[in-house]
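Inspection log for the structure reproduced underneath, given as structure tokens.
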Ligand SMILES: NC(=O)c1ccc[n+]([C@@H]2O[C@H](COP(=O)([O-])OP(=O)(O)OC[C@H]3O[C@@H](n4cnc5c(N)ncnc54)[C@H](O)[C@@H]3O)[C@@H](O)[C@H]2O)c1
Ligand SMILES: [Zn+2]
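Numbering (the UniProt record's numbering), first residue to last: 1 to 360.
This is how it looks when you write it as structure tokens:
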């Protein structure tokens, strides 16, 4: 299946396709978008060990010579050090504007390779081949690229769209459960605030999804990418509507900050954040108990946490104040009005403090 990210209205038409399937002839597709001689594959150690040989063969069979840049696993790679290493390798190989950088890995590799592509020679062609559920449904779509700075995540970056996103669900076969549910939390998010049918589908097919049934995985990836593509079409640079994707993220980011990004996965933190946002919504009479229960039950049944970790309300408020959506005394919150619909609301920190005090 194919989804179009339609950016034809932007100054420079940066529209592209997202292909979703299994056993994709990646070489042929890359050849068809214009890769002729060679391409630089940026990947991480684990993905290289698992699929380096396969991807190399797929490219070779299409007459493309792959040049591999293999980085360590995990967030550590999203740094100036490894960005600089990529530049060094590109310069060594005399990479030119018309050449292609291919991100082959999870969100870390996608963000880092995307930023290298955005900045090297003021922009070279870029392709995303995501290999985690999180990167399939979230980070590979939408054009946000970047690296971390010692003082914070994603502080350096650019909006830079890929030429194509190729999602082959077969890569998920080797993904462990923790990483699967980490990405799955974002799928629940799309369903919760933007697509009731997706939410109901997940409820019904949860066991199959957890067993990595191909058709179910393809369905949730296709729905998630369509939703994200639609949101990005409407608001590429996050001037307003795109922040609906932050449902569960205000408290989620605060939890990640308080844990110093150790000991908790992003998907776990936003799961707690989504349940919190639904309870806040109920407190404000935007939704009923049933909505809170449906969301909380699905999150629990997926093996994701719902309980707020025991930090103090002060700690939570201070961490939330680091959020980009913050004004002096209030924060723009994404709330839920029923499964599949949302509402933006500016909430005073004093109100959130009180609410947290009662919950903790
Ligand atoms: N650009 C965006 O819009 C956006 C959106 C959400 C998240 N992100 C970023 O994405 C990053 C997180 O991405 P992630 O969750 O994919 O983490 P990740 O890239 O670190 O991958 C998680 C782990 O899975 C391993 N792995 C990858 N593919 C595998 C496979 N097929 N089989 C087995 N193991 C595999 C990796 O080696 C790594 O250890 C964060 O840096 C976050 O900031 C970006
Ligand atoms: Zn997220």
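The beta carbon of each residue, even a glycine, is placed where N, CA and C say it ideally should be.
About 17 Å separates the beta carbon of residue 305 from that of residue 356, a gap too long to meet the 8 Å contact definition.
Contact between residue 158 and residue 119 holds, since their C-beta atoms are separated by about 7 Å, short of 8 Å. Under the DSSP definition of a beta bridge, residue 345 partners with 333. Around the beta-carbon of residue 220, 16 or more other beta-carbon atoms lie within 10 Å, marking it buried. Counted as a single uninterrupted DSSP element, the stretch harbouring residue 163 is not any beta strand (DSSP E), since DSSP gives it neither H nor E. Counting only runs of 4+ residues, the alpha helix (DSSP H) found wholly inside the UniProt domain "3-dehydroquinate synthase C-terminal" (183-326) occupies 196-210, 214-234, 249-258, 266-283, 289-301 and 313-320, in chain order. Here the C-alpha atom of residue 317 lies approximately 51 Å from the C-alpha atom of residue 31. In the same chain as residue 161, and ignoring 5 residues on each side of it, the C-beta atoms closer than 7 Å to its own belong to 7, 14, 16 and 143, in chain order. Fewer than three Cβ pairs drawn from the stretch 226-244 and the stretch 45-62 lie within less than 8 Å of each other, which leaves the two stretches out of contact. For residue 136, the three-state secondary structure derived from DSSP is helix. For residue 2, the pairing in a beta bridge is given by DSSP as 19. Counting every other CB atom within 10 Å of its CB across the protein chains shown gives residue 177 a total below 16, marking it as exposed.
Taking a contact to require three or more Cβ pairs closer than 8 Å, the stretch 106-123 and the stretch 50-64 do not qualify as touching. Distances from the alpha-carbon of residue 108 to those of 70, 88, 293 and 198 put 70 closest. Cβ contact annotation for residue 282 (same chain, cutoff 8 Å, sequence separation greater than five): 288, 289, 291 and 292, in chain order.
Across the set 297, 29 and 280, the C-alpha of 297 shows the shortest separation from the C-alpha of residue 185. Shown here for residue 322: same chain residues with a beta carbon closer than 7 Å to its own, the five before and five after excluded, namely 257 in chain order. Ligand 2 has no heavy atom closer than 7 Å to the beta-carbon of residue 220. Spanning the alpha carbons of residue 274 and residue 127 requires a straight line of approximately 31 Å.
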